[in-house]
Amino acid sequence: MKLKVITLLMMVCVFVSVSAAQPSEPVKIVATTTQASDLVTILLGDLVGTEVQLTALLGAGVDPHLYKPTESDIAAMGEADAIFYSGLHLEGQFDTVFNALRERGIVTYAISTPVKEQGFTFGGFTLSEELVDVDDPHFWFDPRNWELATAGTAEALSELLPQHADSISANAEAYIGDLQTLHVWAVEAMSVVPEDQRVLITSHDAFNYFGDALGWEVRGLQGLSTQDEAGVADIQAIAAYVVERNISVMFVESSVSPDAIEAVRESVTAGGGRVAIAPRHLFSDAMGAPGDFGGTYIGMLAENVSVIVMSFGYDLPAWPDGLLPEMPQELLTLE
Ligand SMILES: [Zn+2]
Numbered sequence: 001m002k003l004k005v006i007t008l009l010m011m012v013c014v015f016v017s018v019s020a021a022q023p024s025e026p027v028k029i030v031a032t033t034t035q036a037s038d039l040v041t042i043l044l045g046d047l048v049g050t051e052v053q054l055t056a057l058l059g060a061g062v063d064p065h066l067y068k069p070t071e072s073d074i075a076a077m078g079e080a081d082a083i084f085y086s087g088l089h090l091e092g093q094f095d096t097v098f099n100a101l102r103e104r105g106i107v108t109y110a111i112s113t114p115v116k117e118q119g120f121t122f123g124g125f126t127l128s129e130e131l132v133d134v135d136d137p138h139f140w141f142d143p144r145n146w147e148l149a150t151a152g153t154a155e156a157l158s159e160l161l162p163q164h165a166d167s168i169s170a171n172a173e174a175y176i177g178d179l180q181t182l183h184v185w186a187v188e189a190m191s192v193v194p195e196d197q198r199v200l201i202t203s204h205d206a207f208n209y210f211g212d213a214l215g216w217e218v219r220g221l222q223g224l225s226t227q228d229e230a231g232v233a234d235i236q237a238i239a240a241y242v243v244e245r246n247i248s249v250m251f252v253e254s255s256v257s258p259d260a261i262e263a264v265r266e267s268v269t270a271g272g273g274r275v276a277i278a279p280r281h282l283f284s285d286a287m288g289a290p291g292d293f294g295g296t297y298i299g300m301l302a303e304n305v306s307v308i309v310m311s312f313g314y315d316l317p318a319w320p321d322g323l324l325p326e327m328p329q330e331l332l333t334l335e
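Numbering (the working numbering), first residue to last: 1 to 335.
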């Protein structure tokens with residue numbers, strides 16, 4: 001009898017120790033865009049790779065307007081506990097998949113939600129034949145919008161991982177402070193260019209929020225979505241504007257073909273004018289590669305500011321003390 005009890009106790013102990021040693025299944029999170037995956041990574045910190053398995057779908061240089069989810073993307077989303085995406089139809093080919101996933105009870109969170117709810121999106125745009133009178137999806141380019149997105153995403157992540165709500169909230173608070181510092185620096189940097197030259201000409205219309213946050217006029221050659229091809233009339237209209245405003249430089253984006261902007265330059269040149277194309281691209285809908293300065297939201301925005309200001313021939317103000325990632329020296333000289 002005694003032996004039996006001891007054996008039973010031993011078995012219980014073995015069972016307990018085995019179950020305690022077995023790590024629990026990680027929470028599976030899928031992030032669509034590079035921006036979404038950067039934000040989730042910053043908010044979760046060390047939890048990524050331990051308690052959370054994070055899968056990022058779109059890499060550097062990938063255009064989210066045109067990207068169609070692959071079979072492995074759909075499989076990853078189907079197995080996920082939650083999906084964090086940009087929203088406002090930026091991921092235009094994902095809408096049907098998102099609906100199907102929601103019906104299966106998978107959490108989907110658009111990180112643009114609080115920006116939309118608080119009325120900071122620009123409306124009245126046409127994205128495609130079906131998407132008329134919708135919001136401009138490029139909300140992240142105003143760092144104040146990204147602060148709101150940070151707070152909202154932190155809340156959604158805390159619901160998913162309530163035992164880590166304190167660390168997620170602390171990470172959000174610290175990051176929002178960094179975003180405020182970045183915004184102040186970016187406004188100062190973009191103000192170095194004289195007011196009459198502050199016009200940003202790009203391939204597609206991704207920079208309305210950026211221009212609004214930093215006090216610049218913006219003109220995109222294609223519409224809000226890269227699905228709209230620029231026609232001859234669009235090219236001629238922008239070329240005429242470049243000549244009229246005496247604009248010295250235009251910009252190509254990392255995720256969009258340079259052909260249309262090249263065509264504008266040819267049109268300006270054919271009319272006897274002169275305009276340059278910046279030697280470095282801007283990040284619009286995709287950030288840089290992980291590990292690069294432009295692979296983080298802060299680095300992406302700062303690199304855009306650096307490329308713009310220096311392409312216009314001006315110097316940048318000093319990088320804020322303590323703001324990470326540190327701006328690499330090579331961004332202070334254009335080659
Ligand atoms: Zn876009």
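Glycine included, each C-beta is placed from N, C-alpha and C at the ideal position.
Residue i, DSSP secondary structure in three states
i: residue 116; result: helix
i: residue 324; result: coil
i: residue 247; result: coil
i: residue 132; result: coil
i: residue 265; result: helix
i: residue 47; result: helix
i: residue 78; result: helix
i: residue 109; result: strand
i: residue 84; result: strand
i: residue 222; result: strand
i: residue 139; result: helix
i: residue 293; result: helix
i: residue 233; result: helix
i: residue 186; result: helix
i: residue 60; result: coil
i: residue 276; result: strand
i: residue 253; result: strand
i: residue 39; result: helix
i: residue 217; result: strand
i: residue 282; result: strand
i: residue 14; result: With a pLDDT of 43 at residue 14, under the threshold of 50, the modelled position of this residue cannot be trusted, and the question is left open.
Span of the beta strand (DSSP E) around residue i
i: residue 201; result: 199-204
i: residue 53; result: 52-56
i: residue 102; result: Where residue 102 is concerned, there is no enclosing beta strand (DSSP E), although the alpha helix (DSSP H) it sits in stretches over 95-103.
i: residue 27; result: 27-31
Endpoints, alpha helix (DSSP H) assigned at residue i
i: residue 144; result: 143-160
i: residue 209; result: 208-214
Straight-line Cα distance separating residue j from residue i
i: residue 265; j: residue 249; result: 9 angstroms
i: residue 224; j: residue 257; result: 15 angstroms
i: residue 284; j: residue 130; result: 23 angstroms
i: residue 319; j: residue 327; result: 7 angstroms
i: residue 113; j: residue 269; result: 44 angstroms
i: residue 280; j: residue 303; result: 10 angstroms
i: residue 38; j: residue 44; result: 10 angstroms
i: residue 86; j: residue 324; result: 23 angstroms
i: residue 236; j: residue 243; result: 11 angstroms
i: residue 46; j: residue 260; result: 43 angstroms
i: residue 53; j: residue 27; result: 6 angstroms
i: residue 50; j: residue 334; result: 40 angstroms
i: residue 306; j: residue 60; result: 19 angstroms
i: residue 75; j: residue 272; result: 54 angstroms
i: residue 227; j: residue 217; result: 23 angstroms
i: residue 58; j: residue 65; result: 11 angstroms
i: residue 21; j: residue 166; result: In this predicted model, residue 21 has a pLDDT of only 44, less than 50, meaning its place in the structure is not dependable enough to derive any value.
i: residue 229; j: residue 34; result: 24 angstroms
i: residue 184; j: residue 95; result: 35 angstroms
i: residue 253; j: residue 116; result: 25 angstroms
i: residue 164; j: residue 288; result: 29 angstroms
Same chain only: Cβ atoms within 8 angstroms of residue i, ignoring 5 sequence neighbours per side
i: residue 126; result: 132, 133, 134, 223, 224
i: residue 392; result: Since the first residue of the chain shown is 1 and the last is 335, residue 392 is not available in this structure.
i: residue 83; result: 29, 30, 31, 32, 77, 98, 101, 106, 107, 108, 109
i: residue 215; result: 187, 190, 191, 198
i: residue 40; result: 29, 31, 48, 54, 84, 153, 157
i: residue 168; result: 43, 44, 154, 157, 158, 161
Close beta carbons around residue i, own chain, < 6 angstroms, minus the five adjacent residues each side
i: residue 179; result: 143, 146, 147
i: residue 299; result: 293, 325
i: residue 152; result: 113, 114
i: residue 68; result: 93
i: residue 122; result: 136, 208
i: residue 210; result: 141
Own chain, CB closer than 7 angstroms to residue i, minus 5 neighbours either side, in chain order
i: residue 193; result: 309, 312, 314
i: residue 247; result: 199, 201, 275
i: residue 171; result: 42, 43, 45
i: residue 255; result: 61, 62, 63, 284, 285, 286
i: residue 212; result: 142
i: residue 267; result: 235, 236, 239
Using the beta-carbon of each residue, find all residues closer than 5 angstroms to any heavy atom of ligand 1 and list them in chain order. 206, 285
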